[in-house]
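Peer 1: My numbering applies: residue 662 is where the sequence shown begins, and numbers increase by one. Ideal Cβ positions, reconstructed from N, Cα and C, are used throughout, including at glycine. Treat the numbers as computed from the prediction; the structure is a model and nothing was measured.
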Amino acid sequence: MIKSKEYNFEPGAWSIVQMGEELIGHPTTALNELVKNAYDADAEECKIFYNYESNNKKSFIIISDNGLGMNNTILFGEWLQPSVSSKRIGTGKSLIYERNLLGSKGIGRLAAMALGRYITVVSKKKEDNLYNWIRLDRVDFKKETLLKDIYFPGGEINDFVNIFRDIDFLKKLKKSKNDSLLDFIVNNIDFKFEEGTLIIIEQLDDSVRTIIEDDFKDEDNVNFEDTEFMRSLKTLITPLELNTQIQNDLSEKKIINKKYLLSKKESIFKVYLGTNLLNIIKDDDLFELVEPFSIIKHYEYRVFGNIINEGEVKGLYICNRLEEDKIEEKFNLDKAFTLSDEPLSKRKVKEIEEIPIELVDANIGDFFFDIRVYDRESDSIEKMMEVLKTPNRKAVRKMMNELLGLKISKNGFSVKPYGEENNDWMGLAQMRVQTPATVISATQILGYIFLKSPENNGLCEKTNREGFFENKAFITFKKILRAIILEIGRRRYRYRLKHNLGRTIKSKFERPNVNEYLKYISDKTDDPEILKKSEEFIENITTTLDNIENALTFSQRLASLGSGLELVYHELSQPLTLLGGTKSVLQLKVNKIINEELKKEFKHEISCLNESISTFEQLKNSIKPAIGIARPKIFKPFDTFKKVCFLFSKNINDEKIEIEINKSLNNYEIKDYEYALWISILNIINNAVYWLKLIDVEKKIFFTLEDGNILVISNTGPLIPEGDLETIFEYGVTFKKEKNATGLGLSFTNSILSSINWEIWAENRDYGPAFLIRKEDINEQ
């Protein structure tokens, strides 16, 4: 037997800095971690105050909470054991309010390391007589030595204020007294608190100072609500406030039957922020309550709902854009839509080995969402000026760019960095390149996704608190969310078309820089009338350019389709001729075969070949209308319709769709461009087949002639919403539950028909939708 000894790791002192200052990352992430620790401790309130002075030795941050606190066993035991956490043991609930615990990594306590050099922790449980404390100097851990060789002061004390004013003690630490800190503690901190925790960080890190300096560089025009620490805390706390509201809304609309409670007992958790840099004293209170973003109440479009069974969506759509046409309607999305392929280019993902093995194939679980959308036209921006209390439209746009985004919360608190400034984690910009008309920009969305434990533990945060592991659950999660965003984008687009709001499509071509022009105008004048007229003019010009682009796109599509079909048509001719000759030769030779069994087999094969040739001939004839499109000719719409139906014969047979053609069409002839009617029927039949697949009742497609000159194609599928009977022929409008649906078919049909003086419109019959096509009377024009 091999002889061996037992060994163990001895972590270096730098590990504390790496897990705190380096691993936690951004200062706002560090601050959020400390707030979440207060929540886990069953605190009802957490107060944060930062003091900034040019002499950094006088700067500090204080985080206090009235939670359960820590006795000497916890503070001098588990708290000093990084990566050890009692939160991983037991129910995963807090002791008093039974809140779902937010942290279990065991390193959140080191977040203070990312904020400054000196960290003092003071804590007390209600039953303790003395305060427990420790004091750390970050510099002590930046040494090439073992962690066990680093010592720092701590203990039990009756008056913890002495930690900051005892001259001999401070001299031993080689540290001067911080008069600003001492004055604040004496005058504003309850230094006789019964239970809770107090964290004091002195000599702020350069990253923290930079954030504060940027926020307050313009002393005469500072909006405390828009400072980075306040904005980060608002982002953190907003979903906790919304959680109850969204569930009440879902329950009221009967979208969910059961509410999910963040805590089993009703609890309150409030966060306050203060600073010496603003005169925000209210009733002698130095702190501002951190409240949800005010903009969240003033949405123009909203979808909220529940995701169940790993991909099914049940939700409600609300539109408040115009007072005279408000909308509220339920909608459902099935898995076939939410999990379908997306028009996104492939990207390199992280190696699967980086994901913990237990999370690789984890599922998502059920969750709910609340997504609000904002338009960016002048009238919308002016409304937001009042809501956000900004001086001008430029400031509104800047603030919206910073505030908006699709955010994720888990157990009531936001997960960084999702939905934060310049973080298009959903790839919406790329989706807009593919379908610019219907995909909403990240800077138009303020959305929250509500995750919970243990249902959604397949989505697990990385150790550095900067996002989830990109495992199977996370990829599926993004697919579902993109489907929801696409659904609201399509509904919003149809509404905007109906009311002629804004631009019709984002340009794919290089254009003059309109933003640069508007900036030039705004730099030259503050006259609101001139600025408004300039914006309106630019919008009108842009819409005109969009329409020109649409026409060009249709022309290019028409040319490509026509030339492509012509190529297929001619390429089919030669092999069909050869196959026909081969068939004739085989028929002559088969009679010379003596063996009857073999002769019978050959005749069967020849019969199959003949059927295949016949099918190819029919296919060739079916696309013939696309050939020679430049010349009008006499043709029967009856024949054109049958040719198109042949192209869909498999779907028609599989779905048992019945085709009925009125006898009045048997001898009806017209002289025109058959291709235009062929492509129109093609798109209409394609839509009809799609919708008939989704119903279980009688499936029929009708082709009739009405009033002597109106061709009518109708079906027994779902009715078209009355408000959308006109907009369905607009570019980008689609009701199909497919992510790759473009909304081009009927728009293309309308374009090509109008180019030869035909018109098309839609109406609902008793049994289903109908599309009517008629040659315009030139004499009436």
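Could you name the residues of the same chain whose beta carbon sits closer than 8 Å to that of Thr1410, not counting the 5 residues immediately before and after it, in chain order?
Peer 2: So the qualifying residues of the chain are Ile1340, Ser1341, Asn1344, Ile1345, Phe1390 and Ile1421.
Peer 1: Would DSSP call Asn669 helix, strand or coil?
Peer 2: DSSP places Asn669 in coil when its eight states are reduced to three.
Peer 1: In whole angstroms, what is the alpha-carbon distance linking Glu1131 and Thr899?
Peer 2: Those two C-alpha atoms are separated by around 25 Å.
Peer 1: Taking Cβ to Cβ, would you say Val822 is nearer than 7 Å to Ile846?
Peer 2: The answer is yes: Cβ separation under 7 Å.
Peer 1: Can you have a look at Ala704 and say buried or exposed, based on whether 16 or more other CB atoms are within 10 angstroms of its CB?
Peer 2: The residue is buried, with at least 16 neighbouring Cβ atoms inside 10 Å.
Peer 1: For a quick check, are the C-beta atoms of Lys958 and Asn967 less than 7 Å apart?
Peer 2: It is not a contact, given that the beta carbons lie outside the stated cut-off.
Peer 1: Taking the continuous beta strand (DSSP E) assigned at Lys1361, which residues delimit it?
Peer 2: Lys1361 to Glu1367 is the span of the beta strand (DSSP E), which, as asked, contains Lys1361.
Peer 1: Could you compute how far the alpha carbon of Ile1267 sits from the alpha carbon of Gly1406?
Peer 2: Computed Cα separation, rounded: 40 Å.
Peer 1: Given 8 Å as the limit, is there contact between the segment 854-866 and the segment 769-776, that is, 3 or more CB pairs closer than that?
Peer 2: As far as the Cβ criterion goes, the segment 854-866 touches the segment 769-776, which means the pair count is three or higher.
Peer 1: Mind listing, in chain order, the continuous alpha helix (DSSP H) runs of no fewer than 4 residues lying wholly within the segment 952-1032?
Peer 2: Counting only runs of 4 or more, we get 996-999.
Peer 1: Look at the Cβ atom of Lys914, then the Cβ atom of Leu994, and state whether they are nearer than 7 Å.
Peer 2: Cβ atoms of Lys914 and Leu994: not closer than 7 Å.
Peer 1: State the CB to CB distance for the pair Lys1398 and Phe1030, rounded to an integer number of angstroms; the pair is presumed to be in contact (CB under 8 Å).
Peer 2: Wrong, their Cβ atoms sit about 18 Å apart, outside the cutoff.
Peer 1: Rank Asn1370, Asp840 and Tyr1392 by C-alpha distance to the C-alpha of Tyr1329 and give the top, closest one.
Peer 2: It is Asn1370 whose Cα lies nearest to the Cα of Tyr1329.
Peer 1: How many Å lie between Pro1078 and Gly1128 at the Cα?
Peer 2: Answer to the nearest angstrom: the Cα atoms are 6 Å apart.
Peer 1: Rounded to whole angstroms, what is the Cα-Cα separation between Ile1199 and Ile1136?
Peer 2: Going by the C-alpha atoms only, they are around 39 Å apart.
Peer 1: Just to check my reading of the structure: Met1046 and Val1057 have Cβ atoms closer than 8 Å, yes? What is that Cβ distance to the nearest angstrom?
Peer 2: The Cβ separation is near 5 Å, so the contact holds.
Peer 1: Suppose the cutoff is 8 Å on Cβ atoms and the five residues either side in sequence are ignored; what does the same chain contact list for Ile850 look like?
Peer 2: Closer than 8 Å at Cβ, skipping near neighbours: Ile723, Ser725 and Leu859.
Peer 1: Which value, in whole angstroms, describes the spacing of the CA atoms of Lys1354 and Phe1074?
Peer 2: Near 43 Å, if we compare the C-alpha coordinates of Phe1074 and Lys1354.
Peer 1: Who are the near neighbours of Phe992 in its chain, counting only those whose CB is closer than 6 Å to its CB and skipping five residues on each side?
Peer 2: Contacts found: Gly976 and Tyr978.
Peer 1: With a cut-off of 8 Å, do at least 3 Cβ pairs link the segment 1372-1379 to the segment 1425-1435?
Peer 2: Yes, the segment 1372-1379 touches the segment 1425-1435.
Peer 1: Quick check on the burial criterion: 16 or more other C-beta atoms within 10 angstroms. Buried or exposed for Thr734?
Peer 2: Answer is exposed; the Cβ neighbour count stays below 16.
Peer 1: Closest by CA to Asn884, which one among Glu949, Leu1158 and Phe1302?
Peer 2: The candidate whose alpha carbon is nearest that of Asn884 is Glu949.
Peer 1: Comparing alpha-carbon positions, which option in Lys1253, Thr936 and Asp876 lies nearest Phe721?
Peer 2: Among Lys1253, Thr936 and Asp876, the Cα nearest to that of Phe721 belongs to Thr936.
Peer 1: Which residues in the same chain as Gln908 place their Cβ atom closer than 8 Å to its Cβ, once the five residues preceding and following it in sequence are excluded?
Peer 2: Cβ neighbours of Gln908 beyond the five flanking positions: Ile917, Lys920, Tyr921 and Phe1029.
Peer 1: Using the Cα positions of Tyr1392 and Ile1146, report the straight-line distance between them to the nearest angstrom.
Peer 2: Distance between the alpha carbons of Tyr1392 and Ile1146: 19 Å.
Peer 1: In whole angstroms, what is the alpha-carbon distance linking Val1048 and Thr888?
Peer 2: Distance between the alpha carbons of Val1048 and Thr888 is about 17 Å.
Peer 1: Please report the Cβ distance between Glu759 and Lys926, rounded to the nearest whole angstrom; I am assuming they are in contact, meaning their Cβ atoms lie under 8 Å.
Peer 2: 6 Å between Cβ atoms; contact.
Peer 1: Could you check where the alpha helix (DSSP H) with Ser924 kicks off and where it finishes?
Peer 2: Premise fails: Ser924 is in no alpha helix (DSSP H) and is neither H nor E.
Peer 1: Could you pull the start and end residues of the beta strand (DSSP E) that Tyr792 belongs to?
Peer 2: Run containing Tyr792: Tyr792 to Asp798, per the beta strand (DSSP E) assignment.
Peer 1: Check Arg760 in the structure and name its three-state DSSP category.
Peer 2: Looking at Arg760 - three-state DSSP - the assignment turns out to be strand.
Peer 1: Only counting the same chain, and skipping five residues up and downstream in sequence, which positions put a Cβ closer than 6 Å to that of Glu989?
Peer 2: Here the set comprises Ile979.
Peer 1: Can you tell which of Leu1089, His687 and Pro1298 has the C-alpha that lies nearest to the C-alpha of Leu1067?
Peer 2: Selected option, being the one with the closest Cα: Leu1089.
Peer 1: Quick one: residues in its chain with C-beta nearer than 7 Å to the C-beta of Met1060, no 5 flanking neighbours on either side, listed in chain order?
Peer 2: For Met1060, where only same-chain residues beyond five positions count, the Cβ hits under 7 Å are Asp887, Leu1049 and Thr1051.
Peer 1: If we count the other Cβ atoms within 10 Å of its Cβ and call it buried at 16 or more, is His687 buried or exposed?
Peer 2: Buried, because 16 or more other Cβ atoms sit within 10 Å of the Cβ of His687.
Peer 1: Taking all protein chains shown into account, do 16 or more other C-beta atoms lie within 10 angstroms of the C-beta of Tyr700, making it buried, or fewer, making it exposed?
Peer 2: Buried is the call here.
Peer 1: To which residues of the same chain is Arg1306 closer than 7 Å at the C-beta, ignoring the five residues directly before and after it?
Peer 2: Note on residue identity: the sequence assigns Cys, not Arg, to residue 1306. Once the five neighbours on either side are set aside, the close Cβ partners of Cys1306 are Ile1313, Ile1320 and Ile1346.
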